[in-house]
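In the working numbering, each residue carries its 1-based index in the sequence shown increased by 8.
Where a beta carbon is used, it is the ideal one built from N, C-alpha and C, also for glycine.
First the structure, in the form of structure tokens, and then the observations on it.
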Amino acid sequence: MLVLVLNCGSSSVKWKVVDTAARAAVRVGLVERVGPSGEVGHAQAVERVLAQVADLAVEAVGHRVVHGGEDLTAPVRIDADVEATIERLAPLAPLHNPVNLAGIRAARARLPGVPHVAVFDTAFHHTLPRRARTYALDPAVAEPAGIRRFGFHGTSHAFVAREAAAWLEVPLDALRLVTLHLGNGASACAVEHGRSVETSMGMTPLEGLVMGTRSGDLDPGALLALLRQEGATVDSVDRLLHHRSGLAGLSGAGNDLRDIEERAAAGDDRARLAIAVFAHRVRKYVGAYAAAMGGLDAVVFTGGIGENAVAMRRRILQRLEFLGLVLDEDRNTAARVSPDRRVAEISDETSRVRALVVATDEELEIALEAAAVARGQAAVADGPGQIPIAISARHVHLDRATTDALFGPGHELTPRSPLSQTGQFTCEETVSLIGPRHRIDGVRVLGPLRKQTQVEISRTDEFFLGVDAPIRASGHLEGSAPITLEGPKGSVQLKEGLICSWRHIHMSPDDARRFGVDDGDQVQVEVSGGPRDLTFGDVLIRVHPSFRLELHLDTDEGNAAELSRGATGCLHRLDAAEGRLLSRRPTRRLRASEARRGR
Ligand code: ADP
Numbered sequence: 009m010l011v012l013v014l015n016c017g018s019s020s021v022k023w024k025v026v027d028t029a030a031r032a033a034v035r036v037g038l039v040e041r042v043g044p045s046g047e048v049g050h051a052q053a054v055e056r057v058l059a060q061v062a063d064l065a066v067e068a069v070g071h072r073v074v075h076g077g078e079d080l081t082a083p084v085r086i087d088a089d090v091e092a093t094i095e096r097l098a099p100l101a102p103l104h105n106p107v108n109l110a111g112i113r114a115a116r117a118r119l120p121g122v123p124h125v126a127v128f129d130t131a132f133h134h135t136l137p138r139r140a141r142t143y144a145l146d147p148a149v150a151e152p153a154g155i156r157r158f159g160f161h162g163t164s165h166a167f168v169a170r171e172a173a174a175w176l177e178v179p180l181d182a183l184r185l186v187t188l189h190l191g192n193g194a195s196a197c198a199v200e201h202g203r204s205v206e207t208s209m210g211m212t213p214l215e216g217l218v219m220g221t222r223s224g225d226l227d228p229g230a231l232l233a234l235l236r237q238e239g240a241t242v243d244s245v246d247r248l249l250h251h252r253s254g255l256a257g258l259s260g261a262g263n264d265l266r267d268i269e270e271r272a273a274a275g276d277d278r279a280r281l282a283i284a285v286f287a288h289r290v291r292k293y294v295g296a297y298a299a300a301m302g303g304l305d306a307v308v309f310t311g312g313i314g315e316n317a318v319a320m321r322r323r324i325l326q327r328l329e330f331l332g333l334v335l336d337e338d339r340n341t342a343a344r345v346s347p348d349r350r351v352a353e354i355s356d357e358t359s360r361v362r363a364l365v366v367a368t369d370e371e372l373e374i375a376l377e378a379a380a381v382a383r384g385q386a387a388v389a390d391g392p393g394q395i396p397i398a399i400s401a402r403h404v405h406l407d408r409a410t411t412d413a414l415f416g417p418g419h420e421l422t423p424r425s426p427l428s429q430t431g432q433f434t435c436e437e438t439v440s441l442i443g444p445r446h447r448i449d450g451v452r453v454l455g456p457l458r459k460q461t462q463v464e465i466s467r468t469d470e471f472f473l474g475v476d477a478p479i480r481a482s483g484h485l486e487g488s489a490p491i492t493l494e495g496p497k498g499s500v501q502l503k504e505g506l507i508c509s510w511r512h513i514h515m516s517p518d519d520a521r522r523f524g525v526d527d528g529d530q531v532q533v534e535v536s537g538g539p540r541d542l543t544f545g546d547v548l549i550r551v552h553p554s555f556r557l558e559l560h561l562d563t564d565e566g567n568a569a570e571l572s573r574g575a576t577g578c579l580h581r582l583d584a585a586e587g588r589l590l591s592r593r594p595t596r597r598l599r600a601s602e603a604r605r606g607r
């Protein structure tokens, strides 16, 4: 698939057209002097880019977006809702999200026929455990102000972690890595079993390592002292920390490490100190992250400095022998990485912890992510790509005779609230289930009446009741389990009718056509973006003109994936050509899920 990747920055628009099957760029470019202080606006810049790719059959556009906040934690196809969310998050990334959005709007207006996908710098870090994303502030103050750690450079950390695993020939989910993205912006990430569990940038990209012009970590007391200086304003301190600190501030020689190294070699003390502070800070994080993960398998260098600065890598890795990391000086000096040769190893043969240099390629990663989303949704281009998930608690469908016996002859069910499937409703009535071991009271009756009474419980209920219920599709009750029902007016011993519901997707014939499935098919549904990603196999497709698209899971299944309101899943198929998931589901979750996550 040919994907145009747009990276709209404050003063430039970087772009690349990527052939995702070949994993290679077919055309690249840069429009400079963009924005309020430049010559062209973002819309014009995007127009120039599109003119330069007009002869290419671009099938999707991948947009780099810096901040996805708590709601956008995976690549997502852009619609009006997604645009609105990116806009709402602007205060968290004032320099980036507004210009990212300007690019999105311009590109969508001019290329309306292809899917546009947003890929977020923050997304990879949505797995940060609670202890790693929380600042030690009173939550009553921090939460309303949105003060928590997010992390950035996620696209790069994710990409190089995967490349490193492939090089080491160890599955990513068996590795503990520290990835170091050292460029003008710099961040470290602890990637434990493929998930980001710590990262050095926090609520904003200002925390953590020493950067080209950004300070990184600073005592908040120092910030207060700066603000209290005579003549200081919030804006002046903001400029100081973002633009006049880091390597540039320390060295007084600009932000390019090559210049600083030259000066240091000539005896310039400020330049020497800048290098020493930079390396010390990175080394400190490597040790801290090894401790946070309880061990370390490899350190991965990337970014302009990580990929090229031989002497800086040597300094950073000094004195890490105690961790089992031994640098090979010759390999370090000889290491060259490029899109053709992405990985170079710089650790010694005897080193237990490996050290790698990996050429990052954020545009390729964005293109692959965008292609995965676009393909997954190509079949449902004009319909919903995500499948809403409903968790069914234990419940009972009654027939006429059982209703009469439990609630009295001729009893009419009292509707309580409508269910999403047309004509179905919960009732005021409840019954008790009586098993050999225990009873469960207050089990909700669902209306309307059916031809045959059917009781649906979870595996946990089954053990509690002491019964053995088969997994069945609704209505398939031959040979199902017996159970006793008790109502206010009497009880009924059912010879059969008790089942564990076979997880299933309700869909209309139109949905089925768009997903390319038939009634009775079994598919997989991937649920991710939450605390416990899970792919459900053996999901039954049920097609009927009256059905609304919805995946029904029972409470055990919902709990296993820690699902909460608003969760969605995606049909899961493999793209044989690229070996990637076709429909990496862009789940968006409600904030409630964040609150529940406990991480
Ligand atoms: P950005 O974060 O803006 O994408 P890069 O990842 O391109 O930045 O990193 C740019 C920085 O990499 C430069 O400022 C320079 O300091 C550093 N760099 C590039 N090549 C070398 C080199 N050979 N030696 C030392 N530093 C280098």
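Inset, instruction - Give the straight-line distance between the Cα atoms of GLY224 and GLU200, rounded to the nearest whole angstrom. - result: 23 Å
Legend entry - Those runs of the alpha helix (DSSP H) which lie wholly inside the stretch 88 to 176 and span at least 4 residues: 88 to 96, 105 to 118, 138 to 141, 147 to 150, 162 to 176
Inset, instruction - Using a threshold of 8 Å, state whether the C-beta atoms of MET209 and GLY275 are closer than that. - result: no
Inset, instruction - Check whether the Cβ atoms of PRO490 and LYS503 lie closer than 8 Å to each other. - result: yes
Inset, instruction - Give the secondary structure of LYS459 by DSSP, where H, G and I count as helix, E and B as strand, and everything else as coil. - result: coil
Inset, instruction - Would you check whether the ligand ADP has a heavy atom nearer than 7 Å to the C-beta of ILE395? - result: no
Inset, instruction - Please confirm whether any heavy atom of the ligand ADP lies closer than 7 Å to the CB of ASN340. - result: no
Legend entry - Beta-carbon separation (whole angstroms), GLY220 vs LEU188, contact threshold 8 Å: About 15 Å separates the CB atoms of GLY220 and LEU188; that is not less than 8 Å, and the two are not in contact.
Legend entry - Rounded C-alpha distance that separates ARG344 from ILE354: Between the alpha carbons of ARG344 and ILE354 lies a gap of roughly 10 Å.
Legend entry - Beta-carbon spacing of ARG281, LEU258 below 8 Å: It is Leu, not Arg, that sits at residue 281 in the sequence shown. Result yes, Cβ atoms of LEU281 and LEU258 sit closer than 8 Å.
Inset, instruction - With ASN567 as the anchor, note down where its alpha helix (DSSP H) starts and where it stops. - result: ASN567 -> alpha helix (DSSP H) spans 563 to 568.
Legend entry - Local Cβ density within 10 Å of PRO44, reported as buried at 16 or more and exposed below that: exposed
Inset, instruction - Determine the DSSP secondary structure at PHE472, reduced to helix, strand or coil. - result: helix
Inset, instruction - For the beta strand (DSSP E) containing GLN530, list its first residue and its last residue. - result: 530 to 535
Legend entry - Straight-line Cα distance separating LEU10 from ASP246: 40 Å
Legend entry - Cβ neighbour criterion (16 or more within 10 Å) applied to VAL26: buried
Inset, instruction - Using 7 Å as the cut-off, classify the Cβ of ASN108 as near or not near the heavy atoms of the ligand FMN, replying yes or no. - result: Of the ligands one can find in the structure shown, namely the ligand ADP, none is the ligand FMN.
Inset, instruction - Have a look at ALA569 and GLU373 and give me their C-alpha separation to the nearest angstrom. - result: As the crow flies, the alpha-carbon of ALA569 is around 27 Å from that of GLU373.
Inset, instruction - Give the single residue among ALA117, GLY191, GLU47 whose Cα lies nearest to the Cα of ARG266. - result: GLY191
Inset, instruction - Closer than 6 Å by C-beta to LYS22: which residues in its own chain qualify, once you throw out the five before and the five after it? Chain order, please. - result: ASN15, LEU38
Inset, instruction - Grab the span of the beta strand (DSSP E) containing SER259 for me, first residue to last. - result: Not the beta strand (DSSP E): SER259 falls in the alpha helix (DSSP H), residues 254 to 259.
Inset, instruction - Kindly indicate which three-state DSSP category PRO444 falls into: helix, strand or coil? - result: Shown here, PRO444 sits in coil according to DSSP, grouped into three states, outside any helix or strand.
Legend entry - DSSP three-state assignment for ALA401, whether helix, strand or coil: coil
Legend entry - Presumed contact (8 Å Cβ cut-off) between VAL453 and VAL439, rounded CB distance: Their Cβ separation, rounded to whole angstroms, is 6 Å, which keeps VAL453 and VAL439 in contact under 8 Å.
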